[in-house]
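Report on one structure; see the data block that follows.
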């Protein structure tokens with residue numbers, strides 16, 4: 003597979019996973035404010051592309067990643083796709099084929115943490131992504147309990163939108179962001195995406 007093409011087509015998931023490595027070290031997930039060591043996600047992707055889909059890869063001690071599907075399809079109206087997370091128990095509508103992945107880690111307080119993500123990139127380097135985070139024992143930290151459904155713009159001038167919301171025992175973050183110079187998609191498309199997250203439990 004052409005390495006340049008692979009990197010470009012899957013940059014949305016790369017960016018999402020870089021963020022996840024940081025998120026896994028926050029008080030919300032681990033009960034600790036210590037920062038996690040940086041992980042070279044380009045190197046991680048180089049290894050993942052050589053492995054069969056669904057193979058778990060340890061990217062640092064106690065943190066593993068699994069790429070379930072690449073460029074998956076599930077067409078619905080308007081040329082969009084209904085992306086169903088393999089183990090995240092949620093679905094979301096996205097405007098292109100998508101990547102489906104997961105990360106697993108051990109929290110500082112001894113509780114396992116599971117992160118399930120969906121990501122895609124559309125023309126103009128527009129990144130669309132969802133990550134749902136949960137503690138595998140179903141417990142909820144005080145910080146998690148304090149989180150409410152909230153949508154915010156990104157950048158000034160605005161270059162994206164994020165929505166953070168609880169979904170059962172999960173905290174989900176959705177984002178649409180222009181990574182290049184292209185304008186953001188129409189507001190109707192952004193709203194369709196941000197309002198499409200559903201539990202499949």
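Residue numbers (our numbering): 3 to 203.
Note that CB positions come from ideal geometry on N, CA and C, so glycine has one too.
The structure displayed is predicted, hence computed values, not measured ones.
- Pick helix, strand or coil for residue 188, following the three-state DSSP scheme. It is coil, neither helix nor strand.
- Let me know the secondary structure DSSP gives residue 119 once reduced to three states. DSSP places residue 119 in strand when its eight states are reduced to three.
- Task: Please report the residue range of the alpha helix (DSSP H) in which residue 144 lies.
- Result: In the DSSP assignment, residue 144 falls within the alpha helix (DSSP H) that extends over 144-147.
- Task: Spatial neighbours of residue 204 within its chain, please: CB distance less than 6 Å, with the 5 preceding and 5 following residues excluded, ordered by chain position.
- Result: A question about residue 204 goes unanswered here, because the residues of the chain that appear run from 3 up to 203.
- Query: If we ignore side chains and look at the alpha-carbon of each, how far apart do residue 193 and residue 53 end up?
  - Reply: In a straight line, the C-alpha of residue 193 is about 35 Å away from that of residue 53.
- Cross-strand partners of residue 214 (DSSP beta bridge): Since the first residue shown for the chain is 3 and the last is 203, residue 214 is missing from the structure and cannot be characterised.
- Item | Nearest candidate by alpha-carbon position, reference residue 202, set 55, 60 and 134 | Comparing Cα positions, the closest option is 134.
- Query: Leaving out the 5 sequence neighbours to the left and right, which residues in its chain are closer than 6 Å to residue 72 when beta-carbon positions are compared?
  - Reply: The beta carbon of residue 72 is closer than 6 Å to those of 101 in its chain, skipping five residues each way along the sequence.
- Message: Helix, strand or coil for residue 152? Go by DSSP, reduced to three states.
- Response: In this structure, residue 152 counts as strand in the three-state DSSP scheme.
- Message: Just checking: is the beta-carbon of residue 56 within a distance shorter than 8 Å of some beta-carbon in chain D?
- Response: Note that chain D does not occur in the displayed structure, where there is just one protein chain.
- Task: Using a threshold of 8 Å, state whether the C-beta atoms of residue 118 and residue 104 are closer than that.
- Result: Yes. Within cutoff.
- Integer Cβ distance of residue 95 from residue 195, believed to fall under 8 Å: About 6 Å separates the beta carbon of residue 95 from that of residue 195, a gap short enough to meet the 8 Å contact definition.
- Identify, in the order they occur along the chain, each residue of the same chain with its Cβ nearer than 7 Å to the Cβ of residue 91, setting aside the five sequence neighbours on each side. Closer than 7 Å at Cβ, skipping near neighbours: 201, 202 and 203.
- Name, in chain order, the residues that DSSP records as bridge partners for residue 83. Answer is 77 and 96.
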